[in-house]
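Engineer: Going by the working numbering, the sequence shown opens with residue 45, and the numbers climb by one from there.
Sharing a structure with you now.
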Amino acid sequence: MSERRLVLLRHAKAEPGHDLDSDELRPLAPKGRDQAGGVGKAFGAAGLAPQVALVSTALRTRQTWDLLAKKLGGAPPELRLEPELYLASVADVLELVRALGDTVTTVLVVGHEPTMAATAAHLAGPGSDDAALAQVRVGVPTAAWSVLESDEDWRGWGRGKARLLSVSRPS
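Spelled out as structure tokens, the structure:
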């Protein structure tokens with residue numbers, strides 16, 4: 045059994061939505077565009093390039109993905125736009141992750157708060173980093189990502205079944 049890695053990323057900073065009919069149409073703010081590029085650079089440097097990216101269909105998450113993907117280098121990951129990630133629960137995220145094939149060892153989910161932090165907190169078990177666990181219990185800021193690992197195949201991922209290694213933001 046090979047180790048599996050799940051990276052949960054909250055989208056980068058978005059524009060306020062008061063002028064839009066739909067929250068789903070909020071674009072990234074200029075700061076968010078910079079953050080997303082920084083995430084891509086950090087992922088490349090840390091070896092976190094995913095094989096599969098599960099991305100919410102909201103505009104800000106798609107823009108976050110597009111900007112970070114340009115900075116990854118190497119073969120482009122498989123992109124799966126997932127409408128259910130927009131208003132997802134932890135169970136919804138886990139359902140998508142558990143459906144991944146056995147050949148996928150690194151997956152990125154680009155979604156929204158509070159679900160990204162709640163999913164990391166739900167999965168975190170023995171061996172998790174205390175500071176990272178404290179952070180996900182209160183929520184994560186824009187463009188922050190949590191890295192979890194487990195020897196379990198994707199179908200076995202559930203409460204306390206992974207190690208939360210870190211929570212990071214672009215510098």
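From the three backbone atoms N, C-alpha and C, an ideal C-beta is built for every residue, glycine too.
1) From Arg-245 to Val-83, what does the alpha carbon distance come to, in whole angstroms?
2) For Leu-69, count neighbouring Cβ atoms within 10 angstroms of its own Cβ and tell me buried if that reaches 16, exposed if not.
3) How many angstroms separate the CA atom of Asp-146 from the CA atom of Glu-196?
4) Could you give the distance in angstroms between the alpha-carbon of Asp-8 and the alpha-carbon of Gly-169?
5) Can you tell which of Lys-57, Thr-105, Gln-107 and Val-134 has the C-alpha that lies nearest to the C-alpha of Trp-201?
6) Which of helix, strand or coil does DSSP assign to Gly-155?
7) Just the C-alpha distance for Ala-143 and Trp-198, rounded to the nearest angstrom, thanks.
8) Would you give the residue range spanned by the alpha helix (DSSP H) that Leu-53 belongs to?
9) Would you mind working out which of Leu-140, Ala-175, Val-154 and Asp-174 sits nearest Leu-103, comparing C-alpha positions?
10) For Ala-80, which residues in the same chain have their Cβ closer than 6 Å to its Cβ, ignoring the five residues on either side in sequence?
11) Which whole-angstrom value is the C-beta distance of Leu-123 and Val-99, which I expect to be below 8 Å?
12) Locate the beta strand (DSSP E) running through Val-148, then write down its first and last residues.
13) Taking the alpha carbon of Ala-187 as the point to measure from, which residue in Glu-193, Leu-209, Val-137 and Gly-76 has its own alpha carbon closest?
14) Could you tell me which residues DSSP pairs with Glu-193 in its beta bridges?
15) Going by the beta-carbon positions, is the gap between Pro-120 and Val-96 smaller than 7 Å?
16) Name the DSSP bridge partner or partners of Ser-100?
17) Buried or exposed: Met-45, going by 16 or more other Cβ atoms within 10 Å of its Cβ?
18) If we call anything under 7 Å between Cβ atoms a contact, is Val-141 one with Ala-161?
Structural biologist: Straight from the coordinates:
1) The structure shown does not extend to residue 245, since the chain is modelled only from 45 to 215, so the question has no answer here.
2) With fewer than 16 other Cβ atoms from the protein chains shown falling within 10 Å of its own Cβ, Leu-69 counts as exposed.
3) Asp-146 and Glu-196 have their C-alpha atoms roughly 11 Å apart.
4) Since the displayed the chain opens at 45 and closes at 215, residue 8 lies outside it and no answer follows.
5) The candidate whose alpha carbon is nearest that of Trp-201 is Val-134.
6) If DSSP states are grouped into helix, strand and coil, Gly-155 belongs with the strands.
7) Here the C-alpha atom of Ala-143 lies approximately 7 Å from the C-alpha atom of Trp-198.
8) Element bounds for Leu-53: not the alpha helix (DSSP H) but the beta strand (DSSP E), 48–54.
9) For Leu-103, the nearest C-alpha among the options comes from Val-154.
10) Cβ neighbours of Ala-80 beyond the five flanking positions: Ala-56, Thr-108, Leu-111 and Leu-112.
11) With 8 Å as the limit, Leu-123 and Val-99 qualify as a contact, their Cβ atoms being about 6 Å apart.
12) Per DSSP, Val-148 belongs to no beta strand (DSSP E) and is neither H nor E.
13) Measuring from the Cα of Ala-187, the nearest candidate turns out to be Gly-76.
14) Beta-bridge pairing links Glu-193 to Arg-49 and Arg-207.
15) Not closer than 7 Å, so no.
16) For Ser-100, which the question treats as bridged, DSSP gives the partners Glu-126.
17) In this prediction, Met-45 scores a pLDDT of 49, lower than 50, which makes its location untrustworthy; no coordinate-derived value is stated.
18) No, Cβ-Cβ distance for Val-141 and Ala-161 is not below 7 Å.
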